[in-house]
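Numbering (my numbering), first residue to last: 6 to 361.
From the three backbone atoms N, C-alpha and C, an ideal C-beta is built for every residue, glycine too.
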Amino acid sequence: MLAVHGLDISYFTGKLEGYLRAKGLTYRLEEMDSGAFHRLARFTGVRQMPQLEMPDGRWMTDTVRIIDALEVEYPAPTLTPGDPACAFIARLIEAFGDEHLWRPALYYRWAFTDDARLLSGRLASGMLRDVAGPTALKRQFILTRQRMRYLHGEGVNRGNRLEIEADYLRLLDALEPVLRRRDWVLGAAPTRADIGLFGPLFRHFHCDPTPGRIMRARAPAVAAWVTRLWALRGADGVDARMLKTIPEDLAPLFDLIRTRFLPEMAANAAAVAARAGTVIHSIGPSTTIRYRPNPYRAERLSRLQREHASLAAPAAARVATAFGADLLLPSFSPIAETRPDGPAGGLRDRWGRPTR
Ligand SMILES: N[C@@H](CCC(=O)N[C@@H](CS)C(=O)NCC(=O)O)C(=O)O
């Protein structure tokens, strides 16, 4: 049986669980403690969760690479649309879910008292169960670490927090009418677009107290979609291969991707390429965000660019029409993949930075 090593409050563990449920693949969740977090990284070269243990003893990490591999190893039901334009859009929405929604998801978890108290308690008794010491101290350690890394470290401050909240509220407003009309983001079958959005929308926005309250009041159809995806045991006879058209009602979501996500990905990639110390990016009228460049994200944009470049002209034209722009991806020199597939290239962290 597949074993997912992670936590039941983790964004990317939730994304992988959603994917396995949509595929109808049986798995068990092994709750990581801090020792396992360090130990298991030796199998894959990346210190992060989830780490996936395959029945034949192989280890994999990075949900994008895992899903790429499992889509080949377990082809049915597929979550990859047969139509190349739809397949590209699904991957783009997945990347938006993975990378752009990370900041608002972490912000809602660690900036609000109720959420931070609940989740620091969960991490103290779960992830840090193998560390000796009083729970109150462990909780304080977690609170300080997470706020440093995921508020300060992701560039959140009092001046830009409303823009970060807007990312969540606009997402709900973009998805609510779509999910009132149909079950899945791209049509009658779940795809990687649903899976990518599921990480933040399930584990953070749906389950954490503050964004959960907002979701229930503002976007009940999104809340229903979260539980619909969680309840899947295989795609129930529907298959993404049937999806052939890019739905027009996704325009508000594409707008967020075009105006909020891709420009920031490009600014980050330019900073990585220039070996700059800081990304400085404008995210609203007189609102900027500053943070340390993220090499993993730069690679992710390169990957999207390569996939976009490999589309045949008619598919690329349909993608351009859907996005209302000729140029989907900002142009800059693609960054070569530097992340190792295994531990041979040394240990890295979730940002793609070398670590020990
Ligand atoms: N790109 C990775 C991201 C995985 C990731 O960021 N996982 C988070 C938990 S949801 C993590 O391991 N954080 C480690 C830390 O906080 O140091 C994927 O797709 O799996």
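May I ask whether a heavy atom of ligand 1 can be found less than 7 Å away from the beta carbon of Asp103?
yes
Pro216 classed as buried or exposed, judged by whether at least 16 other C-beta atoms fall within 10 angstroms:
buried
Check Trp189 in the structure and name its three-state DSSP category.
coil
So Gln56 is in the beta strand (DSSP E); what residue range does that whole segment cover?
Gln56 to Glu58
Go ahead and pull the three-state DSSP assignment for Gly204.
helix
Closer than 7 Å: is that where the CB of Met132 sits relative to any heavy atom of ligand 1?
no
So, under 8 Å CB-CB, Met132 and Ser39 are touching, yes? Tell me the CB distance rounded to an integer number of Å.
6 Å
How about His209 and Tyr296: are their beta carbons less than 8 Å apart?
no
Kindly indicate which three-state DSSP category Met37 falls into: helix, strand or coil?
coil
Considering only heavy atoms of ligand 1, does any lie closer than 7 Å to the CB of Met270?
no
Between the stretch 223 to 234 and the stretch 286 to 304, do at least 3 Cβ pairs fall closer than 8 Å?
no
Identify which residue in Asn162, Arg353 and Gly87 has its Cα closest to the Cα of Ala116.
Asn162
Name, in chain order, the residues that DSSP records as bridge partners for Leu255.
In DSSP, Leu255 forms no bridge with anything.
Paired residues, beta bridge with Gly11 - DSSP
Glu36
So, under 8 Å CB-CB, Thr292 and Gly164 are touching, yes? Tell me the CB distance rounded to an integer number of Å.
6 Å
Please state the DSSP three-state secondary structure of Val183.
helix
Spatially closest choice to Ala27 from Phe146, Gln310, Ala194 and Thr149, by CA coordinates
Ala194
Rounding to the nearest angstrom, what Cα-Cα distance links Tyr79 and Thr85 in this structure?
12 Å
Hey, which residues come within less than 5 Å of ligand 1, measuring from Cβ to any heavy atom, in chain order?
Ser15, Tyr16, Phe17, Gln53, Met54, Asp67, Thr68 and Arg355
Limits of the beta strand (DSSP E) - the one that Ser291 falls within
It is not in any beta strand (DSSP E) - Ser291 carries neither H nor E in the DSSP assignment.
By Cβ distance below 7 Å, which residues in the same chain neighbour Leu148 in space, the five residues on each side in sequence not counted?
Ala121 and Ser125
Output the boundary residues of the alpha helix (DSSP H) element that contains Met220.
Pro214 to Arg223
Assign Pro345 to one of three DSSP states: helix, strand, or coil.
Any reading at Pro345 must be qualified, since the residue scores a pLDDT of 49, below 50, and its modelled position is unreliable; the value itself is stated next. Pro345 falls in the coil class under three-state DSSP.
For Phe298, which residues in the same chain have their Cβ closer than 7 Å to its Cβ, ignoring the five residues on either side in sequence?
Rather than Phe, the amino acid found at residue 298 in this sequence is Pro. Here the set comprises Asn273, Ala276, Val277, Ala281 and Val284.
Using DSSP's beta-bridge definition, name the partner residues of His286.
Ile294
For Phe48, which residues from the same chain have a beta carbon less than 6 Å from its beta carbon, with the 5 sequence-adjacent residues on both sides left out?
Trp64
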